[in-house]
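A.B. asks: Residues in the sequence shown are numbered consecutively from 3, following the working numbering.
Using N, Cα and C, we set each Cβ at its ideal position, and we do this for glycine too.
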Amino acid sequence: MKITNPEEKNLIFKLTIPLFFEFLLYILVSNVDQFMLSSYSQEAVAAIGNAGQVSWVMTLFFGVVSIASTVLISQYKGAKDEEMEKAIYPVALIFNVVLGIIISLVCVFCMEPILRLLKVEEGLTFEYAHIYLQIVGGMIVFQAIENCFAAFLKSNALVKEALVISIIVNIFNVAGNSLALYVFDWGVPGVAFSSAISRTLGMLLAIVIFLVKVGKIQFSILKSCHPFKILWKMLKIGAPSIGENISYDGSQLLIMSFINPMGLATVNAKVYVCIVVQFAYLAGMAASEAMQLVEGQLIGAGKKDVAAREVFKTQRVGLIIVEIVTLLLFIFSNQIIGIFPSADADVLKIAKVMLFIELFLELGRVTNMIMVRALQTAGDVNFPILMSVAFTWCVSVTFGYIFGVVLNWGITGIWIAMATDEILRGITLTTRFAKGKWKKINLIEKTY
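1) On the three-state DSSP scale, how would you describe Leu-160?
2) Does the Cβ of Cys-396 have 16 or more other Cβ atoms within 10 Å, making it buried, or fewer, making it exposed?
3) Could you tell me which whole alpha helix (DSSP H) segments of length 4 or greater appear in the segment 44 to 117?
4) Can you grab the Cα-Cα spacing for the pair Ile-301 / Gln-77, in whole Å?
5) How would you label Gly-125, buried or exposed, when you count the other beta carbons within 10 angstroms and need 16 or more for buried?
6) Alpha carbons only, please: which of Met-205, Ile-116 and Ala-303 is nearest the one belonging to Lys-441?
7) Considering Cα atoms alone, identify which of Asn-158, Lys-231, Ser-196 and Val-185 is closest to Val-176.
8) Are the segment 368 to 376 and the segment 430 to 438 in contact at 8 angstroms, needing three or more beta carbon pairs?
9) Taking the alpha carbon of Val-273 as the point to measure from, which residue in Val-214, Gln-254 and Arg-311 has its own alpha carbon closest?
10) So, at 6 angstroms on beta carbons, what are the nonlocal neighbours of Ala-484 in its own chain, with the 5 sequence-adjacent residues on each side left out?
11) Would you mind listing the alpha helix (DSSP H) stretches within the segment 307 to 377 that are 4+ residues and don't spill past its ends, in chain order?
12) Below 9 angstroms between beta carbons: does that hold for Leu-350 and Ser-335?
13) Taking only runs of the alpha helix (DSSP H) that begin and end inside the segment 406 to 431, which ones reach a length of at least 4 residues, in chain order?
14) I'd like to confirm something about Lys-305: is its beta-carbon nearer than 8 angstroms to some heavy atom of the ligand ZN, or not?
15) Can you tell me where the alpha helix (DSSP H) with Glu-291 in it begins and where it stops?
16) For the segment 358 to 368 and the segment 214 to 228, state whether three or more C-beta atom pairs, one from each stretch, are separated by less than 8 angstroms.
17) Note down, in chain order, each residue of its chain lying with its Cβ closer than 7 angstroms to the Cβ of Asn-262, except the 5 sequence neighbours on either side.
18) Just to confirm, are Val-73 and Leu-135 a CB contact at a threshold of 9 angstroms?
19) Between the alpha carbons of Ala-194 and Lys-306, how many angstroms are there, rounded?
20) Give me the residue from Tyr-283, Ile-19 and Val-216 with the minimum Cα distance to Ile-323.
21) Looking at the structure shown, is Ser-196 part of a helix, part of a strand, or coil, going by DSSP?
22) How big is the Cα-Cα spacing for Gln-337 and Leu-26?
23) Look at the alpha carbon of Leu-388 and the alpha carbon of Leu-181, and state the distance between them as a whole number of angstroms.
24) Would DSSP call Cys-227 helix, strand or coil?
25) Assuming Thr-268 is part of the alpha helix (DSSP H), what are its boundary residues?
26) How big is the Cα-Cα spacing for Ala-152 and Val-166?
27) How long is the line joining the alpha carbons of Val-99 and Gln-145, rounded to whole angstroms?
28) Apart from the five residues just before and just after Val-171, which ones in its own chain have a Cβ nearer than 8 angstroms to its Cβ?
29) Could you check the C-alpha separation between Glu-129 and Asn-384 for me, to the nearest Å?
30) Roughly how far, in whole angstroms, is the beta-carbon of Phe-401 from the beta-carbon of Ala-419, given that I think they are within contact range, below 8 angstroms?
31) Quick check on Asn-12: does DSSP put it in helix, strand or coil?
32) In the structure shown, what three-state DSSP assignment does Val-210 receive?
33) Tell me the rounded alpha-carbon separation between Val-138 and Phe-186.
34) Given a cut-off of 9 angstroms on the beta-carbon distance, is the pair Val-327 and Phe-281 in contact?
35) Output the boundary residues of the alpha helix (DSSP H) element that contains Asn-384.
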């Protein structure tokens with residue numbers, strides 16, 4: 003659906019529905035490898051858990067221009083400045099292609115020392131993680147392009163089309179994994195190739211839909227639009243914005259190095275809990291992105307007070323939904339975690355405790371999702387990264403190490419520290435947005 007009136011009643015809800023299913027399918031694509039490999043071996047699950055954390059951090063770099071594209075395109079649309087809007091597309095695409103090639107080379111040639119820094123268990127777990135990252139990471143340039151076009155589609159409110167892409171990619175990935183595991187017995191390498199090829203298919207579909215629904219990217223406009231000035235503006239928005247995510251996920255890599263020596267049951271419990279809790283904050287993810295599209299156009303049209311009301315409405319609804327789903331995950335944790343074939347009694351016991359702590363952690367997490375996007379879209383991009391660095395590293399990492407390793411509370415202590423971080427950061431970001439300093443920021447002055 004296209005946004006013709008950003009003040010339309012229930013517009014955020016209407017945009018959230020297709021985004022919700024898109025993210026649901028994205029989560030399935032991201033985690034289907036771990037689920038299907040859980041019947042293959044526990045080492046494979048632990049390996050893909052570590053590899054997935056590394057590859058996720060790698061893909062965050064592509065979000066620099068993706069986030070900036072979403073912010074600027076939506077605001078230029080609100081301001082009805084088509085000339086500047088069209089200049090964003092070629093600049094963003096070229097940057098992501100170059101960055102994708104660089105990261106692909108890193109994944110192919112530099113993964114072994116990175117996995118050793120994470121203290122991944124030697125043997126099959128290390129071998130599987132290394133192979134998976136070389137294959138999936140070697141083709142990550144295609145994901146960089148897909149991320150770019152996905153941002154373009156959503157900026158044009160083509161969220162249903164993005165949903166269709168996710169459905170097709172998900173079906174293709176499951177079919178490929180099934181062939182790799184159950185027909186050809188290719189194990190981890192086969193699953194890796196299936197995932198990489200399915201994401202490449204997603205890139206091709208996104209490009210085709212963009213060309214049909216929006217039109218060709220006008221590279222000729224680079225001659226007159228001062229592309230380096232546009233890129234610099236995008237980096238000023240996107241780098242701090244994605245820096246918040248990089249800081250968080252970088253801390254998660256370090257925390258994973260605390261967890262890896264705690265044993266295979268603890269590692270697998272962490273992997274499984276992280277998979278299932280995604281379904282708790284799924285609605286918050288979708289609502290925050292829908293809110294970002296509407297907020298950007300409202301700000302571009304000069305209606306900042308209306309934008310603020312929409313942000314707080316989204317926050318209230320997100321908190322209610324995430325707490326209901328997390329409570330259900332805790333109550334039925336044995337049944338839900340038990341769907342993974344390698345989840346034995348030790349894994350179930352550890353996961354139960356972690357999901358109880360999640361009741362508090364997710365309240366902070368969904369608040370951070372919404373408020374970070376709200377501040378980024380408004381142009382207040384530096385504050386979220388400063389808070390992320392301060393709280394994530396001083397609370398999650400420092401106290402996670404103290405509680406989990408020094409005091410020997412294990413993963414329970416680490417999860418308590420992470421919950422404390424999310425809640426304190428959520429309160430701080432909400433206070434920042436409520437004060438309204440972002441209303442004085444203007445992102446869409448001419449770059450010509």
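C.D. replies: With the structure as the only source:
1) Indexing the sequence shown from 1 puts residue 160 at position 158. If DSSP states are grouped into helix, strand and coil, Leu-160 belongs with coil.
2) Position 394 of the sequence shown, counted from the start, is the residue given in the question as residue 396. Under the 10 Å beta carbon count, Cys-396 is surrounded by fewer than 16 other beta carbons and is classified as exposed.
3) Listed in chain order, the complete alpha helix (DSSP H) runs (minimum 4 residues) inside the segment 44 to 117 are 44 to 62, 65 to 80 and 84 to 111.
4) As a working mapping, residue 301 is identified with position 299 in the sequence shown. As a working mapping, residue 77 is identified with position 75 in the sequence shown. For Ile-301 and Gln-77, the distance between alpha carbons rounds to 7 angstroms.
5) As a working note, residue 125 is residue 123 in the sequence shown. Looking at its Cβ environment, which holds fewer than 16 other Cβ atoms inside 10 Å, Gly-125 is exposed.
6) Here residue 441 refers to the residue found at position 439 of the sequence shown. Of Met-205, Ile-116 and Ala-303, the residue nearest in Cα terms is Ala-303.
7) To locate residue 176, count along the sequence shown from 1; it is residue 174. Val-176 has its Cα closest to that of Ser-196, out of Asn-158, Lys-231, Ser-196 and Val-185.
8) The segment 368 to 376 makes contact with the segment 430 to 438; the number of CB pairs closer than 8 angstroms reaches 3 or more.
9) For the purposes of this step, residue 273 is taken as residue 271 along the sequence shown, with counting starting at 1. Closest by alpha carbon: Gln-254.
10) Residue 484 lies beyond the range of the chain shown here (3 to 450); nothing can be said about it.
11) 335 to 339
12) The residue labelled residue 350 in the question sits at position 348 within the sequence shown. The residue labelled residue 335 in the question sits at position 333 within the sequence shown. Yes, the Cβ-Cβ distance between Leu-350 and Ser-335 is below 9 angstroms.
13) none
14) The model depicted lacks the ligand ZN and carries no ligand whatsoever.
15) Here residue 291 is taken as the residue at index 289 of the sequence shown, counted from 1. First-last of the alpha helix (DSSP H) with Glu-291: 284 to 302.
16) no
17) For the purposes of this step, residue 262 is taken as residue 260 along the sequence shown, with counting starting at 1. Leu-120, Lys-121, Val-122, Glu-123 and Val-269.
18) As a first step, residue 73 is located in the sequence shown; it is residue number 71 there, counting from the start. As a first step, residue 135 is located in the sequence shown; it is residue number 133 there, counting from the start. No, the pair does not count as a contact, with Cβ atoms beyond the cut-off.
19) Looking up residue 194 in the sequence shown gives position 192. Looking up residue 306 in the sequence shown gives position 304. Taking the straight line joining both Cα atoms gives about 45 angstroms.
20) Stepping through the sequence shown from its first residue, residue 323 is reached at position 321. Comparing Cα-Cα distances from Ile-323 to each of Tyr-283, Ile-19 and Val-216, the minimum goes to Tyr-283.
21) Within the sequence shown, numbered from 1, the residue matching residue 196 stands at position 194. Three-state DSSP puts Ser-196 in a helix.
22) Taking the first residue of the sequence shown as 1, we reach residue 337 at position 335. Taking the first residue of the sequence shown as 1, we reach residue 26 at position 24. So the two alpha carbons sit approximately 20 angstroms from each other.
23) Here the question's residue 388 lines up with position 386 in the sequence shown. Here the question's residue 181 lines up with position 179 in the sequence shown. Their backbone Cα atoms lie some 46 angstroms apart in a straight line.
24) The sequence position of residue 227 within the sequence shown is 225, counting from 1. Of the three classes helix, strand and coil, the one that applies to Cys-227 here is coil, per DSSP.
25) Along the sequence shown, read from residue 1 onward, the residue named residue 268 stands at position 266. Start and end: 266 to 278.
26) Residue mapping note: residue 152 aligns to position 150 of the sequence shown, counting from 1. Residue mapping note: residue 166 aligns to position 164 of the sequence shown, counting from 1. Roughly 12 angstroms between the two C-alpha positions.
27) Numbered from its first residue, the sequence shown carries residue 99 at position 97. Numbered from its first residue, the sequence shown carries residue 145 at position 143. Approximately 9 angstroms between the Cα atoms of the pair.
28) On the sequence shown, residue 171 is found 169 positions in, with the first residue counted as 1. So the list reads Leu-27, Val-31, Ser-200, Arg-201, Leu-203, Gly-204 and Leu-207, once near-sequence residues are dropped.
29) Start at 1 with the first residue of the sequence shown, and residue 129 comes out as number 127. Start at 1 with the first residue of the sequence shown, and residue 384 comes out as number 382. When rounded, the distance between both Cα atoms is 39 angstroms.
30) Residue 401 sits at position 399 when you count from the first residue of the sequence shown. Residue 419 sits at position 417 when you count from the first residue of the sequence shown. Correct: roughly 4 angstroms between the Cβ atoms.
31) Stepping through the sequence shown from its first residue, residue 12 is reached at position 10. In the structure shown, Asn-12 adopts coil according to DSSP, grouped into three states.
32) For the purposes of this step, residue 210 is identified with residue 208 of the sequence shown, where counting begins at 1. The three-state secondary structure of Val-210, taken from DSSP, is helix.
33) Residue 138 sits at position 136 when you count from the first residue of the sequence shown. Residue 186 sits at position 184 when you count from the first residue of the sequence shown. Rounded to the nearest angstrom, the two C-alpha atoms are 19 angstroms apart.
34) Within the sequence shown, numbered from 1, the residue matching residue 327 stands at position 325. Within the sequence shown, numbered from 1, the residue matching residue 281 stands at position 279. Against a cut-off of 9 angstroms, the Cβ pair of Phe-281 and Val-327 comes out as a contact.
35) For the purposes of this step, residue 384 is taken as the residue at position 382 of the sequence shown. Asn-384 -> alpha helix (DSSP H) spans 384 to 390.
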